[in-house]
Every structure is written in C-alpha cells, then in structure tokens.
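Working notes for the structure below.
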Amino acid sequence: MRILWHAWRSVWRRSIGLAVIAALACTAAEAGSLRTNRAKALVPLDEIISGGPPPDGIPPIDRPAFVTPADASGWLKPKEPVLALTVDGDARAYPLQILMWHEIVNDVVGGVPVAVTFCPLCNSALVFERRVDGTTLDFGTSGMLFKSDLVMYDRQSHSLWAQMEGRAIVGDRAGQRLRLRPANTIAFEAWRSAHPDGKVLSRDTGHRRRYGVNPYESYDEPSLGPFLYRGKLDPRRPPKERVVGVAVGEARRAYPFPLLEKRRVVHDTVGEQAIVIFYEPGTLSALDDTEIAKSRAVGATSVFRAQLGERTLTFEATPGGFQDRQTGSRWDFFGAALSGPLAGQRLTPVQHVDAFWFAWAAFNPSTTVWTAP
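The working numbering puts the first residue of the sequence shown at 11, with every later residue one more than the last.
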C-alpha cells in the first residue's frame, strides 16, 4: 500500500489524475484468493478493486497486548491521536500510529468481542461488535477497497464487509450489519486524563513496523482527490475535508471540522433528535507529516443526545472543557459531568464517524451538510 501511495503522489503531481490510478487497479475478481460466495453481491463486483496487498497482507492484530498509559507515554506523544473505547468500564486506547499499519484489531473489551478498525484512505476509525446472529466473527483485511474504503472479510464465511457501513456487501452474509460501538479519536493526553487506569494497545504486535511513521505523507490535503476511488465526488465540500458524520435513524448530516473549530459547541436536531457536538482542539492528524508527532493539529469531536432525563441541556465551551447553562455543571469531552449538580451523570452517545467528506458522502449520498446559522 505504501508503494502504491508514493506512486499515486507522483502521478498526481504530474496532473495525470485519478483516472489513471483507477485504470491500473485490478478488480476484486482478479485479486482475490478468498473463498467468497460472489453470487451473493449487493454491489457491482467491478467496483471492489485491489488496493495492492493480498488478504491479510496488511496484518490484523489478533492477540493484542496492552500497556499502562505511563508506559505508553515513552513512545506516544501527548497530542497523538488514539481511538478511545470504553465498554462496561473497560477503557482502552488504540494509537492510530499502530492502527494504520494493521487496520483491524480483533479484541474483547468489557467482555464484548469487538473489531477496532481504521481506514487511512477514508480517515475513518470505527469499532464494531463481532457477534452476529450468535456467532463471533474474526476479521481480516481483504486487500481490497470499495469506494476507497477498507474492505474487511470475516474468516468464518469469507464474506466481504465495507468498513464505513459495517455491512457485508458480498458473500453468504451479504446484507448483515455489525453493531457500531461508540468510540472517539482524541489526543492521547486527553484520553489519559479521563482514564488514568486505562489500557493502551502495545507496540508489541508480533510484527516489525515503523510505528510512529506515517506512510501516507500529506494524504489529508483537503483539496486533493482520494486514492483508488472510482465514484463521483460530491462538490459541496473539499474531498478530504474532515467532517463528523452523524446518523440518527434514516437521517444523515455532516459537520465540517473548520466550522466546528470556530464554534467548539454545536447544537442541532437530526432526525428529530436534539444533539450536541463537542469539538476539542489539539489532536494531531495521523496522515500529515511523515512523523505523526510532528503533524498539524486537526482537533477531535464527540456527539451526544442533548437530553438528560426529562431535561434538554445547552452547552458552552470553557477553558477546561464544557459547561451546561441550566445547572452550571462541568463536562468533559467524553460526556461525563465532572462537577456541579449533575456530577456523575453521563450523556448518551450518538452514532457518528470522523471521516473525509468524500467517504461520508459516498456512503451517505442523501446527507445534508450543516452550515453555521
């Protein structure tokens, strides 16, 4: 994948464009060694293309090891991005400097089997439950892409799954969906402050990789087109502008990071659900500089229901976090009330994903785009 990316950069700089890259890509039928039942397909097979590596050529982590936050601080800088997940009090952080080299971690958190996933090409980090119809699935990287998105496969049926949707698109499980678990990409220091006794994915993965080095240097330049993407680009926003995409029922809305950065707190209604978005500045991009620790800051988001019990809260940003106007209680990025009359209460997370605009729009073509009033 790294070789292909550097080739793409050279091609792009000579203004040949995405069409050449797409023409060079082989189809899934040419690339696959998986025993996928291709007779059951929800998408055209020629739209699933090879990203270069064979199945599990980007090796998933199947036996993850963890270290303490103190131990991780020796190699993980304070502002570096981690994917934060908490299940039944079991708080874990998965550094993107590791995820970008493996893309999938098959883990069990709080007793729940989960797949922790990251697609660098879409900048989408998502966590799914691995139980489907009573069966616990194990996931690998297929080496293929759909709309530039990571295509996973389950080792039980070899069905192909689109990571942005958590949906099986080809194979015996076609049409089935994985349950999405709330997770946030946030700076390591912010996660550590909220979860001092949490666990951090170790660099001891069983593989030799240049953890901390970004093989997709400058990939997140907002105006540049995506890699190995054959679809039309939605012109409403720059292709690789970061957005937080929110899903409530059938309603979809995208919130551009540049607008969130100016507000820090956004209240809105999506699908008749009152929501609040918190924006926290400082989190570094994983896809900018060759060395992630030297990348530019892009910030982070979390999304919650604005209701707490029978009350709808309104929030404002404060130097140390967030505060609701109704009670003056102080809240952190993760939706926990730290002090005030509501101390100990938690907001309910809303399904969302931080991703590049092109990817969110490709999988959610009916999405609206929030604009500041």
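Here a beta-carbon is modelled for each residue, glycine too, at the ideal position from N, C-alpha and C.
Practice task
Identify, in the order they occur along the chain, each residue of the same chain with its Cβ nearer than 7 angstroms to the Cβ of Asp117, setting aside the five sequence neighbours on each side.
Solution key: Counting only Cβ-Cβ distances below 7 angstroms, and skipping sequence neighbours, we find Pro74, Val124, Val126.
Problem - Classification of Gly61 by the beta-carbon crowding that lies within 10 angstroms, buried from 16 upward - result: By the neighbour-count rule (16 or more Cβ atoms within 10 Å), Gly61 is buried.
Handout entry: Simplified DSSP assignment, three categories, for Met427
Key = The structure shown does not extend to residue 427, since the chain is modelled only from 11 through 383, so no value can be given for it.
Exercise for the section: State the beta-bridge partners of Asn116 as determined by DSSP. Expected result: Answer by DSSP bridge pairing, in chain order: Ala125.
Exercise for the section: Mind reading off the beta-carbon distance from Glu90 to Pro79? Whole number of angstroms is fine, and I expect it under 8 angstroms. Expected result: Contact flag wrong, Cβ pair sits at about 13 angstroms.
Exercise for the section: With a threshold of 16 other CB atoms inside 10 Å of the CB of Ser339, please say whether the residue is buried or exposed. Expected result: With 16 or more other Cβ atoms within 10 Å, it is buried.
Handout entry: Residue from Pro225, Trp111, Arg187, His205 with nearest C-alpha to Arg218
Key = When each option's Cα is compared against that of Arg218, the closest is Trp111.
Practice task
Look at the alpha carbon of Ala296 and the alpha carbon of Leu131, and state the distance between them as a whole number of angstroms.
Solution key: Cα to Cα, Ala296 sits roughly 11 angstroms from Leu131.
Exercise for the section: List the whole-angstrom C-beta distance separating Arg262 from Thr358, where the pair is believed to meet the contact cut-off of C-beta under 8 angstroms. Expected result: Thr358 and Arg262 do not touch by the CB rule: their CB atoms are close to 19 angstroms apart, not below 8 angstroms.
Practice task
Would you mind reading off the limits of the alpha helix (DSSP H) that contains Asp81?
Solution key: It spans 79-82 - the alpha helix (DSSP H) in which Asp81 sits, taken as one unbroken run.
Practice task
Quick one: grab the DSSP three-state call for Gln107.
Solution key: It is helical.
Handout entry: Contact under 8 angstroms by Cβ, Glu139 with Arg191
Key = Cβ atoms of Glu139 and Arg191: closer than 8 angstroms.
Exercise for the section: Would you decide whether Thr293 is buried or exposed? Buried here means 16 or more other CB atoms lie within 10 Å of its CB. Expected result: It counts as buried.
Exercise for the section: Hey, could you find the ends of the beta strand (DSSP E) Ala371 is sitting in? Expected result: Note, Ala371: premise wrong, no beta strand (DSSP E); alpha helix (DSSP H) at 367-373.
Practice task
Compute the distance between the beta-carbons of Tyr226 and Arg213, then report whether it is under 8 angstroms.
Solution key: Here Tyr226 is not near Arg213, since their CB atoms are 8 angstroms or more apart.
Handout entry: Pick from Arg187, Gly235, Val258, Ala303 that is closest to Ser285, judged by C-alpha positions
Key = Contrary to the premise, residue 285 reads as Ile rather than Ser in this sequence. Among Arg187, Gly235, Val258, Ala303, the Cα nearest to that of Ile285 is on Val258.
Practice task
On a CA-only basis, which of Lys157, Phe76, Ile108 is nearest Ala372? Give me that one, please.
Solution key: When each option's Cα is compared against that of Ala372, the closest is Lys157.
Problem - Unbroken beta strand (DSSP E) run spanning Pro91, endpoints - result: 91-97 is the extent of the beta strand (DSSP E) around Pro91.
Handout entry: 6 angstroms CB neighbourhood of Ile108 in its chain, flanking five on each side removed
Key = Listed in chain order, the non-local C-beta contacts of Ile108 below 6 angstroms within the same chain comprise Leu211, Tyr221, local neighbours out to five positions each way being set aside.
Exercise for the section: Express the C-alpha separation of Phe149 and Lys242 in angstroms, rounding to a whole number. Expected result: Distance between the alpha carbons of Lys242 and Phe149 is about 29 angstroms.
Handout entry: 8 angstroms CB neighbourhood of Ala307 in its chain, flanking five on each side removed
Key = Lys89, Pro291, Gly292, Thr293, Leu294, Ser295.
Exercise for the section: Can you grab the Cα-Cα spacing for the pair Leu95 / Ala101, in whole Å? Expected result: Looking at the two C-alpha atoms, the distance is approximately 6 angstroms.
Practice task
Decide if Asp207 is buried, meaning its Cβ has at least 16 other Cβ atoms within 10 Å, or exposed.
Solution key: Answer is exposed; the Cβ neighbour count stays below 16.
Practice task
Pull up the DSSP beta-bridge partners for Phe76, would you.
Solution key: Looking at the DSSP assignment, Phe76 forms a beta bridge with Leu211.
Practice task
May I have a chain-ordered list of the beta strand (DSSP E) segments no shorter than 3 residues that lie completely inside the stretch 309-364?
Solution key: If you keep only unbroken beta strand (DSSP E) runs of at least 3 residues inside the stretch 309-364, you get 310-315, 325-328, 331-334, 347-349.
Practice task
Return the residue from the list Gly185, Phe344, Gln283, Thr151 that minimises the CA-CA distance to Cys129.
Solution key: Measuring C-alpha to C-alpha distances from Cys129 to each of Gly185, Phe344, Gln283, Thr151 identifies Thr151 as the nearest.
Practice task
Take Arg187 and list the residues in its own chain whose beta-carbon comes closer than 6 angstroms to its own, dropping the five residues that flank it on each side.
Solution key: Exclusion of the five residues before and after Arg187 leaves Gly176, Arg177 as the residues of its chain whose Cβ lies within less than 6 angstroms of its Cβ.
Problem - Which residues DSSP lists as bridging Gly292, in chain order - result: For Gly292, DSSP assigns no beta-bridge partner whatsoever.
Problem - Residue range of the beta strand (DSSP E) that includes Arg252 - result: Counting along the chain, the beta strand (DSSP E) containing Arg252 begins and ends at 252-258.
Problem - Residues bridged to Asn224 [DSSP beta-bridge criterion] - result: Answer is none; Asn224 lacks a bridge partner.
Problem - Minimum C-alpha distance to Ser167 - residue among Val276, Arg183, Gly121 - result: Among Val276, Arg183, Gly121, the Cα nearest to that of Ser167 is on Arg183.
Handout entry: Buried or exposed by the 16-neighbour rule on C-beta atoms within 10 Å, applied to Ile31
Key = Unreliable placement is indicated for Ile31, whose pLDDT of 34 sits below 50; no coordinate value is reported for it.
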